[in-house]
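**Q** Protein chains in written order, with the working numbering: chain A, 1 to 332; chain B, 333 to 664; chain C, 665 to 996; chain D, 997 to 1328. Yeah, the Cβ is synthetic: ideal placement off N, Cα and C, and Gly gets one too.
Number of protein chains: 4
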Amino acid sequence: MILHLKQIITESQAVSIADDLNAFHFVSKGINVLVTGSGMKEVPNSIEDKIDQFWVFDNDIQLASKKYKAEKREVKIGNTIIGGNTNNTIFIGGPCSVESEDQIRESAELLLDMGLTTLRGGCYKPRTSPYSFQGMGHEGLILLAKMRKEFGLNIITEVRDATHVQDVIEHADVIQVGAKAMYDQGILRACAKTNKPVLIKRGFGTTLKEFVQAAEFVLSGGNENVILCERGLRTFETNTRFTLDLCGVAWLQEHTNLPIILDPSHAMGYAYGVPVLSRACVAMGIDGLLIEAHRDPSVAKSDASQQLTHDGFRELLTSLRPVAASVGYSIV
Amino acid sequence: MILHLKQIITESQAVSIADDLNAFHFVSKGINVLVTGSGMKEVPNSIEDKIDQFWVFDNDIQLASKKYKAEKREVKIGNTIIGGNTNNTIFIGGPCSVESEDQIRESAELLLDMGLTTLRGGCYKPRTSPYSFQGMGHEGLILLAKMRKEFGLNIITEVRDATHVQDVIEHADVIQVGAKAMYDQGILRACAKTNKPVLIKRGFGTTLKEFVQAAEFVLSGGNENVILCERGLRTFETNTRFTLDLCGVAWLQEHTNLPIILDPSHAMGYAYGVPVLSRACVAMGIDGLLIEAHRDPSVAKSDASQQLTHDGFRELLTSLRPVAASVGYSIV
Amino acid sequence: MILHLKQIITESQAVSIADDLNAFHFVSKGINVLVTGSGMKEVPNSIEDKIDQFWVFDNDIQLASKKYKAEKREVKIGNTIIGGNTNNTIFIGGPCSVESEDQIRESAELLLDMGLTTLRGGCYKPRTSPYSFQGMGHEGLILLAKMRKEFGLNIITEVRDATHVQDVIEHADVIQVGAKAMYDQGILRACAKTNKPVLIKRGFGTTLKEFVQAAEFVLSGGNENVILCERGLRTFETNTRFTLDLCGVAWLQEHTNLPIILDPSHAMGYAYGVPVLSRACVAMGIDGLLIEAHRDPSVAKSDASQQLTHDGFRELLTSLRPVAASVGYSIV
Amino acid sequence: MILHLKQIITESQAVSIADDLNAFHFVSKGINVLVTGSGMKEVPNSIEDKIDQFWVFDNDIQLASKKYKAEKREVKIGNTIIGGNTNNTIFIGGPCSVESEDQIRESAELLLDMGLTTLRGGCYKPRTSPYSFQGMGHEGLILLAKMRKEFGLNIITEVRDATHVQDVIEHADVIQVGAKAMYDQGILRACAKTNKPVLIKRGFGTTLKEFVQAAEFVLSGGNENVILCERGLRTFETNTRFTLDLCGVAWLQEHTNLPIILDPSHAMGYAYGVPVLSRACVAMGIDGLLIEAHRDPSVAKSDASQQLTHDGFRELLTSLRPVAASVGYSIV
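1. Which residues of chain B have a Cβ atom closer than 8 Å to the Cβ of G701(C), listed in chain order?
2. Which residue's Cα is closest to the Cα of G280(A): S298(A), H294(A), L316(A) and D303(A)?
3. Touching or not, the region 1242 to 1258 of chain D and the region 897 to 913 of chain C, by the rule of three or more beta carbon pairs under 8 Å?
4. DSSP on L576(B), reduced to helix/strand/coil?
5. By how many angstroms is the C-alpha of R521(B) removed from the C-alpha of H828(C)?
6. On the three-state DSSP scale, how would you describe N377(B)?
7. Identify every run of the alpha helix (DSSP H) within the region 859 to 905 of chain C, keeping only runs that are complete inside it and at least 4 residues long; order them along the chain.
8. Is the separation between the beta-carbon of Y329(A) and that of N85(A) shorter than 9 Å?
9. So, with DSSP's three-state summary, where would you put F721(C)?
10. How about V659(B) and V323(A): do their beta carbons lie closer than 9 Å?
11. Can you check DSSP and say which residues form a bridge with L594(B)?
12. Consider the Cβ of R1227(D): report whether some Cβ of chain C lies at a distance smaller than 9 Å.
13. Tell me, please, whether the CB atom of R978(C) is closer than 9 Å to any CB atom in chain D?
14. At 9 Å on the CB atoms, spell out the chain A contacts of E1105(D), in chain order.
15. Any contact between the region 135 to 142 of chain A and the region 155 to 169 of chain A? By contact I mean 3 or more CB pairs, one from each, below 8 Å.
16. Check the Cβ-Cβ distances between G546(B) and every residue of chain A, and say whether any is below 9 Å.
17. Spell out whether any CB of chain A is found under 9 Å from the CB atom of D493(B).
18. If you measure between the beta carbons of D619(B) and I592(B), is that distance less than 9 Å?
19. Anyone know if the C-beta pair for Q849(C) and F900(C) falls short of 9 Å?
20. Check each residue of the region 933 to 944 of chain C: if its Cβ is closer than 7 Å to any Cβ of chain D, include it; give the result in chain order.
21. Chain A partners of K1176(D), CB-CB under 7 Å?
22. Name, in chain order, the residues that DSSP records as bridge partners for T157(A).
23. Are at least three pairs of beta-carbons, each pair with one atom in the region 37 to 54 of chain A and one in the region 5 to 17 of chain A, less than 8 Å apart?
24. So, with DSSP's three-state summary, where would you put L775(C)?
25. At a cut of 8 Å, does the region 726 to 734 of chain C reach the region 762 to 774 of chain C through at least three beta carbon pairs?
26. At the 9 Å Cβ level, is Q1058(D) part of the contact set with chain A, yes or no?
27. Would you kindly work out how many angstroms separate the C-alpha atoms of V1278(D) and S38(A), rounded to a whole number?
28. Measuring straight from C-alpha to C-alpha, what distance separates I559(B) and G937(C)?
29. Indicate whether the contact test is met: 3 or more Cβ pairs, each with one atom in the region 342 to 362 of chain B and one in the region 639 to 647 of chain B, closer than 8 Å.
30. With DSSP collapsed to three states, give me the class of L316(A).
31. Which residues in chain D have a C-beta closer than 8 Å to the C-beta of N903(C)? List them in chain order.
32. Could you give the distance in angstroms between the alpha-carbon of Y1120(D) and the alpha-carbon of T1153(D)?
33. Residues of chain A with CB closer than 9 Å to the CB of S1216(D), please, in chain order.
34. For a contact defined as C-beta to C-beta under 8 Å, what are the partners of T1239(D) on chain C?
35. Helix, strand or coil for T118(A)? Go by DSSP, reduced to three states.
36. Following the continuous alpha helix (DSSP H) through L143(A), name the residue where it begins and the one where it ends.
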């Protein structure tokens, strides 16, 4: 149950009521919001006179539910707003991994030249083998921060586990919670305490319900800037790396109020399929696209097969603009 | 291996060579074509002088492979051509099941009024329970044939098992091999002997390789009019009926020469998601779309939840035209 | 709903009632049994006085449900009974495919020597490529029939599609409906009209509910000799050929009244894992095991990697006897 | 590549060689062991004279591979040894969650009375909703430690994320890395630095290769006490909670040298199926079984449906002993 307390209730009173109900509490636009489990179906008599509005739910998708907020939430990435009624599709690009200052600067220059605003690049790579390249870690973060300063770009990078979540929160403009880390409460609870946008990737074995419930961990802590990112399920089909679940995206658009950014690069796993899948994604009227591009994919230290060349990345943007326009969106 | 025999070789000589090689044989545009398993990597000395051209393959995707024919094949449905360089996306609609003459006539009238050419409707329904509505069978086929005669529409309907495949081949303009029947050699081999277009749906547990190999059963029998249809995989996600595999479609576009028609209705399972998924499909530059629509979905005898209303079907077409145009295609 | 009519009702009256209710009708141990869809929850007033007993169901698992018959059904294979209270685990072996008279005779001799009763061997192979070995077809059936005559063995072989179902019904003692054919109503309805045992394999993409509903197609036609066979699901894991679903077997044992035979050979896909998986299967207290063995797996025309040698097959039986005994079963 | 340095090489020389090769280094039974990525196929000339033995691998399953150590590794849990040639199957039980001192003491008493040695109980629960019971956390750990002291039992409990990994390492005898946390390098790297046994559960969307590579994170840090635990894959089948992958277990037994403990409780999700699945597991000759049992499952705060009663737990043990014996194992 979500409860909006009356304006007359002070914040400390709100905290006390939350304690009694074993509820989450935060303040949103001046309103004291309380959230309990969805098992609670009735407002207790004792606090009835303190409640302005309340919402009852069938399951634990509550703050993210259209039943609570019918309109899509807005999230601000630097000076760019996505979601709400903006009809913006933010086009985020950059390499899989930050590999060197030289390499990431070339990516930054490409974006700037193309009029784009937001640079991706992994520093803490969630590799499945201890013997692979594990990313530049903190050093990579510092390089990204340098690019932001030099080029005025927003930075999005991934947190791999709870040991460095504060480091990422400090340096990134958008905190990416990766597909393998999205059940990690150490990360989610830390993200709940900042106000920076958090992009949560759906695990490849994660149901839609669990996915949105991961967002509830962040939302219920008071951080309302949550973006969902679908990047492919693991299925029996192995000719492609994963299976992008656009049926699931249709479900999320129907049932949740969160902006959605899609990642066709990881889903496909092969550069040849990224442009055509990107066009499919954009035609759904989505809030953003996350694309991997590298100045020379053949020598990339990770995900070599799926990164676009810089030329391919430019051509992709050109082909996406009319598709976005055909459904009333703009690529930003 | 695919072999094109020299023009000088007669058809009866070709049959004899095919026998020796244990190969499939058919004549395509005046050329005697032989196909053996992909295990054969070299032309036997004894027939070297009879061969005009040959192609060696890594696996049993041969006739359907871009390595054999780089350009997409054309298939003619009535007077409409799809595939090749046509950039046509055929928009096929109609109810899940033919339920009565009155009902299917309303569908036919709708299509005619919208300027569409091809009507779908199931007669032999592959229901998983013996206690559900099993379709009108032969009687339904006769109704479809009547609609063709009255309205000049092309008819596409599904064959469920080999017992009635000849009946469907006789009455339909496009023979649909359903997702549950696509391994059925009794059906595939019968379809190989006609020249009518055959639309093969991918099984929900079928790999891309098996899917295209089902097409090889038809192609190797000499029927070159094969269309592939992706309609969703069965995954762990159950909030949608299936998971439409658009990564797989990107793979098919890259590796095969067959036209592709997509079926978002069955994948999604819920009408609310069909329009947005249809836009995603069309933005991929596909050869057709198969959409379920019913004059009153709430009383449909099968697939009630996923069929569009006739109004919804009209609105969908309107929204699809600019999307198709944005990728250089036309809805026909 | 299942209805048992009173003894006083004649068979022709029963047929007439069945017609009125749009119900399946058959006679079992002298009782007229009617089965409607599970949507029917109440006995119509008009026939109340004709009903001896009735059962209402939540879904279309009816005749196979423990709610109808709590005790496991018995099925007779030749002179061997499985199911019921027999605690027999029938051990069925033989090659993937019948390849020659010589080869299948060696299999038959092995079984006879080991005191086993039932020989498997595929004649109509449901291969996914048209360019692979497709089985010996009718000729293979004749060889199997010959082995039965010579050695007194029971024969189990697979029907691939409806075009040859009568041929298999005529020659086999147990009709195997393969994983790729189990939705095929042409086959299932033909099996419903014989009284021979029918072993239905679960499709690799088939839910438990659909699996049991395939059995309902046969049961509702009056053939009560149905055996379920789990042989592995298709999952994302590709180091093994399929994923044997023993959780599903536990579910079937709890909810259905049908005997269960397991096929670890196809699930595993590699001979090394077949013995250890077979022991797991037998420890569940199952009604049978279907194992592929070949006199020389390295030259087998199909499934070479998963077939045991004849020595391996003998050792397997030796290791299984104490496992079966530990759960109160006997290998027969 | 794994390299064993000659005895003559000092540890500090070994560290220096490891640095040069960018290799992991640890000392095992007096031998300096170095591990590089499997991409390295040849020993560099410069160190050839320092190498005693080396092993080359196709992929990054190296320390866990039978190619390196053919015999199964031993792991000591308190005074009980599993793995190696012990043929012990350790039977671990206890509730899903520690809920109160009273509750966990009853579990401990049960185990003691049954002659068992190792108690499970979750403190940091990886729930997918923020609104569910999240476990007693540190307080629960203290209760478990108390039970160890009072009853002399070994304690196994789960680490959910890296924020409390040190807390679990300090208090548990076996550190359980849960299915949702097994990609977490913050956890795995911390576990690599202790010598306590680490039980890694396979993620429900995790391939066998990724699963064993998670073990490589721990092994390559020098902790050789790693146990693998299969607990079910997420598949399309939802009548059971997960699908226990015993084909995968057969693969692990064939290819890796790590002890294997199975968890049928989570796989099945329903108490009725746990005994029969446990018998299947034990018949495979495994190193342990992890079973959930609660004094009153109906009031359990988590996993109510799958926990056995204490009576059920006793009966299970009784039924398992002969099964274990039938394959030459003993339940301990």
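**A** On the basis of the supplied data:
1. To locate residue 701(C), count along the third sequence from 1; it is residue 37. Near G701(C) (Cβ distances below 8 Å), the residues of chain B are S461, Y463 and S464.
2. As a first step, residue 280(A) is located in the first sequence; it is residue number 280 there, counting from the start. Position check: residue 280(A) holds Ala in this sequence, whereas Gly was assumed. Among S298(A), H294(A), L316(A) and D303(A), the Cα nearest to that of A280(A) belongs to L316(A).
3. Using a C-beta cut-off of 8 Å, the region 1242 to 1258 of chain D makes contact with the region 897 to 913 of chain C, since at least three inter-stretch Cβ pairs fall below that distance.
4. Taking the first residue of the second sequence as 1, we reach residue 576(B) at position 244. Here L576(B) sits in coil by DSSP.
5. For the purposes of this step, residue 828(C) is taken as residue 164 along the third sequence, with counting starting at 1. For the purposes of this step, residue 521(B) is taken as residue 189 along the second sequence, with counting starting at 1. The alpha-carbon of H828(C) is positioned some 13 Å away from that of R521(B).
6. Within the second sequence, numbered from 1, the residue matching residue 377(B) stands at position 45. The answer is helix: DSSP assigns N377(B) an H, G or I state.
7. You should have 872 to 883.
8. Stepping through the first sequence from its first residue, residue 329(A) is reached at position 329. Stepping through the first sequence from its first residue, residue 85(A) is reached at position 85. Cβ distance not < 9 Å, so Y329(A) and N85(A) don't count as in contact.
9. The residue given as residue 721(C) occupies position 57 in the third sequence. Looking at F721(C) - three-state DSSP - the assignment turns out to be coil, as it is neither helix nor strand.
10. Here residue 659(B) is taken as the residue at index 327 of the second sequence, counted from 1. Here residue 323(A) is taken as the residue at index 323 of the first sequence, counted from 1. Cβ distance < 9 Å, so V659(B) and V323(A) count as in contact.
11. Locating residue 594(B) in the second sequence gives position 262, counting from the first residue. In the DSSP output, where bridge partners are listed per residue, L594(B) has E562(B) and L621(B).
12. Working through the fourth sequence from its first residue, we reach residue 1227(D) at position 231. It does not: the Cβ of R1227(D) has no partner Cβ on chain C nearer than 9 Å.
13. As a working note, residue 978(C) is residue 314 in the third sequence. Not one chain D Cβ lies under 9 Å of R978(C).
14. For the purposes of this step, residue 1105(D) is taken as residue 109 along the fourth sequence, with counting starting at 1. Below the 9 Å Cβ cutoff, chain A contributes no neighbours of E1105(D), its closest Cβ being approximately 31 Å away.
15. At 8 Å Cβ cutoff, the stretches touch.
16. Locating residue 546(B) in the second sequence gives position 214, counting from the first residue. Here the sequence assigns Ala to residue 546(B), which means Gly is not the residue at that position. The beta carbon of A546(B) does not come within 9 Å of any beta carbon belonging to chain A, so the residue lies off that interface.
17. In the second sequence, the residue the question calls residue 493(B) occupies position 161. Not an interface residue.
18. The residue labelled residue 619(B) in the question sits at position 287 within the second sequence. The residue labelled residue 592(B) in the question sits at position 260 within the second sequence. Their beta carbons are under 9 Å apart, which means D619(B) touches I592(B) by this criterion.
19. By 1-based counting over the third sequence, the position of residue 849(C) is 185. By 1-based counting over the third sequence, the position of residue 900(C) is 236. Not a contact, by the Cβ cut-off of 9 Å.
20. From the region 933 to 944 of chain C, only Y936, G937, V940, L941, R943 and A944 have a Cβ closer than 7 Å to chain D.
21. The residue given as residue 1176(D) occupies position 180 in the fourth sequence. Those are Y183, listed as they occur along chain A.
22. For the purposes of this step, residue 157(A) is identified with residue 157 of the first sequence, where counting begins at 1. T157(A) is bridged to I175(A).
23. Cβ pair count under 8 Å is three or more, so yes.
24. Along the third sequence, read from residue 1 onward, the residue named residue 775(C) stands at position 111. Looking at L775(C) - three-state DSSP - the assignment turns out to be helix.
25. With a cut-off of 8 Å, the region 762 to 774 of chain C and the region 726 to 734 of chain C do not count as touching, because too few Cβ pairs lie within range.
26. As a working mapping, residue 1058(D) is identified with position 62 in the fourth sequence. Yes, contact with chain A.
27. Reading the fourth sequence from its first residue, position 282 is the one you call residue 1278(D). Reading the first sequence from its first residue, position 38 is the one you call residue 38(A). Cα to Cα, the separation comes out at about 40 Å.
28. Along the second sequence, read from residue 1 onward, the residue named residue 559(B) stands at position 227. Along the third sequence, read from residue 1 onward, the residue named residue 937(C) stands at position 273. Those two C-alpha atoms are separated by around 40 Å.
29. These segments do not touch.
30. For the purposes of this step, residue 316(A) is identified with residue 316 of the first sequence, where counting begins at 1. Three-state result, L316(A): helix.
31. As a position in the third sequence, residue 903(C) is number 239, starting the count at 1. Neighbours of N903(C) in chain D, taken as residues whose beta carbon is under 8 Å from its own, are T1203, L1204, K1205, G1244 and W1247 in chain order.
32. What you label residue 1120(D) is simply residue 124 of the fourth sequence in a count that begins at 1. What you label residue 1153(D) is simply residue 157 of the fourth sequence in a count that begins at 1. Distance from the CA of Y1120(D) to the CA of T1153(D), rounded to the nearest whole angstrom, comes to 8 Å.
33. Position 220 of the fourth sequence, counted from the start, is the residue given in the question as residue 1216(D). Listed along chain A are P130 and Y131, each with a C-beta nearer than 9 Å to that of S1216(D).
34. Taking the first residue of the fourth sequence as position 1, residue 1239(D) is located at position 243. Residues of chain C whose Cβ lies closer than 8 Å to the Cβ of T1239(D) are, in chain order, L897, T899, T907, D909, C911 and G912.
35. As a working mapping, residue 118(A) is identified with position 118 in the first sequence. Look at T118(A) here: in three-state DSSP terms it is strand.
36. Here residue 143(A) corresponds to residue number 143 of the first sequence, with the count starting at 1. Boundaries of the alpha helix (DSSP H) around L143(A): H138 to F151.
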